[in-house]
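Residue numbers (the working numbering), protein chains in the order written: chain D, 683 to 1095; chain H, 683 to 1095.
We treat Cβ as the ideally placed atom computed from N, Cα and C, and that holds for glycine.
Everything numeric in this text was worked out from a predicted model, so none of it was measured.
The next block holds one structure in the form of structure tokens; read it before the comments.
There are 2 protein chains.
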Amino acid sequence: MAIKMREQKFEKDSVSEMIEWLATFGRTTNGGVTRPLFSKDWRKAQDALKDKMEVLQLQTYFDRAGNLFGKLPGTELGSKTILTGSHIDTVIDGGKYDGAYGIIASLLATSQLFQKYGYPKKTIEVISLSEEEGSRFPLTFWGSRNISGAYNLETVKDVQDGDGIHFLEAMKESGFDPKEYQSNLRTDIERFVEIHIEQGMILEKNQNTIGVVSHIVGQRRFTINVVGESNHAGTTPMYYRKDAVSTASKLITYLTEKAKEFDPLLVATVGKLNVRPNVPNVVAGEVEFSLDIRHHQEDVLNRYCEDIFAEFERLSTDLDVQISQWMDVKPIAMDEKMNQVIRQLATEKNISYQDIVSGAGHDAQVFASICPTTLIFVPSQDGISHSPKEFTRIEDLETGVELLTELLYKLAY
Amino acid sequence: MAIKMREQKFEKDSVSEMIEWLATFGRTTNGGVTRPLFSKDWRKAQDALKDKMEVLQLQTYFDRAGNLFGKLPGTELGSKTILTGSHIDTVIDGGKYDGAYGIIASLLATSQLFQKYGYPKKTIEVISLSEEEGSRFPLTFWGSRNISGAYNLETVKDVQDGDGIHFLEAMKESGFDPKEYQSNLRTDIERFVEIHIEQGMILEKNQNTIGVVSHIVGQRRFTINVVGESNHAGTTPMYYRKDAVSTASKLITYLTEKAKEFDPLLVATVGKLNVRPNVPNVVAGEVEFSLDIRHHQEDVLNRYCEDIFAEFERLSTDLDVQISQWMDVKPIAMDEKMNQVIRQLATEKNISYQDIVSGAGHDAQVFASICPTTLIFVPSQDGISHSPKEFTRIEDLETGVELLTELLYKLAY
């Protein structure tokens, strides 16, 4: 009895303790974390995690893309792998939960299962994915897309970071010599399970602890250029103007109002906007703005885009509007069978949950193209993420680990 | 007869020749002119003009603010001065007509009158005003406001240019030692007449050669801050957002549409707009935009501002909108009696003209506070100014000189 209580104490402390411990690698002065791919802090974090996995009796190895694995071999001959984890990299001055929580939760769940039940039937591998955020190099999902076979050295042959450091140079510097690179494609993965903070406020507003992700949204991103005519703000009557700011404002007003009424799960965002020449007393000749549109149904994305771009035509009259798309990520469904298991486990454990659509991209969407995959959310306070203010309550972190443990047990034992 | 023809040849060439000549002081690589206050090119231009005035038999002198005068003394004892001219400074990479044309036209008109009729009854002074544009230091009308008594050394005691050079230092460097400064206030000016390019496209669109300025508009400038909440573009549903870009767009759409219907001569411009954090996949937390409103009637400005600011309140709902005004220039009327004379002269000479409101600020508005003042416009091709592309046809430049000559004859002889 005394021993059991000590164990529980250890479990309870460990999620939050491990979050704090992992956040020490790349901690910023204002309490955030900066851990871009192949940086020194990134390498230290991976090495420290490797040590931790070994202490917890997992077999560890790196692949050639910088992904770290902690393996608990299955007893069933020729069994495929149940893969679970998330990414170790962070945005600049990001939070300590994004990515990190998924690795830690997977590690704790696997270790607890091993302590309780010994080796599983099916191999479980905990993964600390090398890169997902795209915060250092202009590409995302380097870790998972190496495993899915979508990326290899060819992908990054012209890629540099903001300081002009080449991807291959950074890779070598970090101990992953491109000369030793070989394919990291995995064909032995049976399922992938990721747990992650929601990064939104839906669970919090609904007072639910668990989000069972049904889909990860499709994302389309555009740059919209409104080209009018720069004129003197005092001497050009309103009816002679080709004012790019005024026209861009009409387009933005239309697209955001339309998004609200079009579908409750559709989001459309103009987050970036640059005006030329950007002077108070000159009518703007040009406005360039970004447009980010997300929904989990391709059809909704299609219809919404058709509607707004037709209206752009009507609203721009004698100004020129150029629309160029630079991202088209398809919506993807999570594995419904696995989700059924999760809902059932949550009900049994009296954990409040709801189905949810992920509005952010996750490694799970890459794995979903090669195996049945699911994604589980825990709440984010005020929906804040990618910020030192990112926060999830210890109780919620623990409930996530508990549910993941139960799920892995169902899948692997 | 032969002599007369040579004289006419000289007159016809001289407007455009002198425009080109004056533009050599501060000419930029792409054909523009950069001649900020107290710069070397500015000083060279003033000195060259002084020489030119002397060749044309005017008595020259500088005041302590850098204004250059060319005087043709009146024969009537104790007569006041008819002052005519414009400003010598330019914006960075500006055009060769803005300001310069007014000085050259005044100089040519005065010289022609002297050649034809000798000394006038009333003293005529041609003025090359030191500064109007505010392109070097964050203040405008240094030249005219010294003469009106609104500015003196005290005004500039904390003023620096973009390179951190103090106003007084630049002044001394240029040969106007602040130690020798004394008041430049003039109480002996009977009238001020300025001729200037329109900087708009109204004369051109209406195919008129002369604009008789009835008013110079009042100008109000504001900075509007829309403060919402920065959020993840994927995980924040539309109805939870406090999107500063979307709200700013609604305000801008409203204010520009309202300006169109409110009054045909009202102009409202949002020329500058900055978004924070200005990232495609983040809902903007803050937008700051400029608002420049102009009309020649204070009452219209009042009513329009009341309307839009009340609507801002309604449109911003749960976002915070801060409005701060940083400019309030009152509308000012030109002298209607002088304008009557101008219209009559134009009719007699068969010159096409129209009444017009000046949407830009001019030295004339400063002089209007101390004496009857008027402002005459010639067309600007495509309404372009403050640009190397600034252009006015030679015929229009010449018609302007002709009309100004007739007007000065009426006023001074």
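query                                                                                                                                                                                        : result
Applying a beta-carbon distance threshold of less than 9 Å, which residues of chain H neighbour Y921 (chain D)?                                                                              : K942, P946
Could you name the residues of the same chain whose beta carbon sits closer than 8 Å to that of Q842 (chain H), not counting the 5 residues immediately before and after it, in chain order? : F819, H848, F849
Strictly below 8 Å CB to CB, what residues from chain H border E880 (chain D)?                                                                                                               : T917
So G967 (chain D) packs on I877 (chain D), CB below 8 Å; how close in whole Å?                                                                                                               : Rounded, the Cβ-Cβ distance is 49 Å, inconsistent with contact.
Give me the Cβ distance between M735 (chain H) and G752 (chain H), rounded to the nearest whole Å; I'm assuming they're in contact under 8 Å.                                                : 3 Å
Name, in chain order, the residues that DSSP records as bridge partners for E968 (chain H).                                                                                                  : H:V909, H:R958
Tell me the residue span of the beta strand (DSSP E) that contains M1009 (chain H).                                                                                                          : 1002-1011
Do D775 (chain D) and T706 (chain D) have their CB atoms nearer than 8 Å?                                                                                                                    : no
Can you tell me which of the three DSSP states T1074 (chain H) falls into?                                                                                                                   : coil
Quick one: which unbroken beta strand (DSSP E) runs of 3-plus residues sit fully inside the region 795-820 of chain D? Chain order, please.                                                  : 805-811
Tell me which same chain residues have a C-beta within less than 6 Å of the C-beta of T742 (chain D), skipping the five on either side of it?                                                : K732, M735, E736, G752
Locate the beta strand (DSSP E) running through R873 (chain D), then write down its first and last residues.                                                                                 : 871-879
Let me know the secondary structure DSSP gives V1023 (chain D) once reduced to three states.                                                                                                 : helix
If you run the structure through DSSP and keep just helix, strand and coil, what is G781 (chain H)?                                                                                          : coil
Using a Cβ cut-off of 8 Å (strictly closer), state whether K722 (chain H) contacts chain D.                                                                                                  : no
Since L933 (chain H) contacts F994 (chain H) with CB under 8 Å, what's their CB separation in whole angstroms?                                                                               : 5 Å
Strictly by DSSP, which residues pair up with T766 (chain D)?                                                                                                                                : D:V808, D:V875
Is the region 950-969 of chain D close to the region 904-917 of chain D, with three or more CB pairs under 8 Å?                                                                              : yes
Can you tell me whether Q741 (chain H) is helix, strand or coil according to DSSP?                                                                                                           : strand
Are the C-beta of H914 (chain H) and some C-beta of chain D separated by less than 8 Å?                                                                                                      : yes
Quick check on L1086 (chain D): does DSSP put it in helix, strand or coil?                                                                                                                   : helix
If I'm right that L740 (chain H) touches T792 (chain H) with Cβ under 8 Å, what's the distance once you round it to whole angstroms?                                                         : 7 Å
Flag S768 (chain H) as yes if its beta-carbon sits less than 8 Å from any beta-carbon of chain D, otherwise no.                                                                              : no
Should M687 (chain D) go down as buried or exposed, given a rule of 16 or more other Cβ atoms within 10 Å for buried?                                                                        : Because the pLDDT at M687 (chain D) is just 37, under 50, the model does not fix this residue reliably, and the value given afterwards should be weighed accordingly. So M687 (chain D) counts as exposed.
Is the shortest distance between the beta-carbon of T763 (chain H) and the beta-carbons of chain D less than 8 Å?                                                                            : no
So is G800 (chain D) in contact with chain H if we call contact Cβ pairs under 8 Å?                                                                                                          : no
Counting only Cβ-Cβ distances shorter than 7 Å, please list the residues of the region 956-972 of chain D near chain H, keeping chain order.                                                 : V957, N960, V961, P962, N963, V964, V965, A966, S972
With distances taken Cα to Cα, identify the nearest neighbour of G1149 (chain D) among D:I1076, D:F1049, D:V909, D:D1064.                                                                    : The requested residue 1149 (chain D) does not occur in the structure, where chain D is confined to residues 683 to 1095.
Looking only at DSSP bridge pairs, what is G776 (chain D) linked to?                                                                                                                         : D:V715
When the cut-off is 8 Å and only beta carbons count, does G1065 (chain H) lie next to chain D?                                                                                               : yes
For T822 (chain H), name the three-state secondary structure that DSSP assigns.                                                                                                              : coil
If you draw a straight line from the C-alpha of F874 (chain D) to the C-alpha of Y922 (chain H), how long is it?                                                                             : 31 Å
List the whole-angstrom C-beta distance separating V969 (chain D) from V952 (chain D), where the pair is believed to meet the contact cut-off of C-beta under 8 Å.                           : V969 (chain D) to V952 (chain D), Cβ: 10 Å. No contact.
With which residues is F1059 (chain H) paired in a DSSP beta bridge?                                                                                                                         : H:H878, H:G893
Cβ of V808 (chain D) less than 8 Å from any chain H Cβ?                                                                                                                                      : no
Taking DSSP as the reference, what is the three-state secondary structure of K753 (chain D)?                                                                                                 : strand
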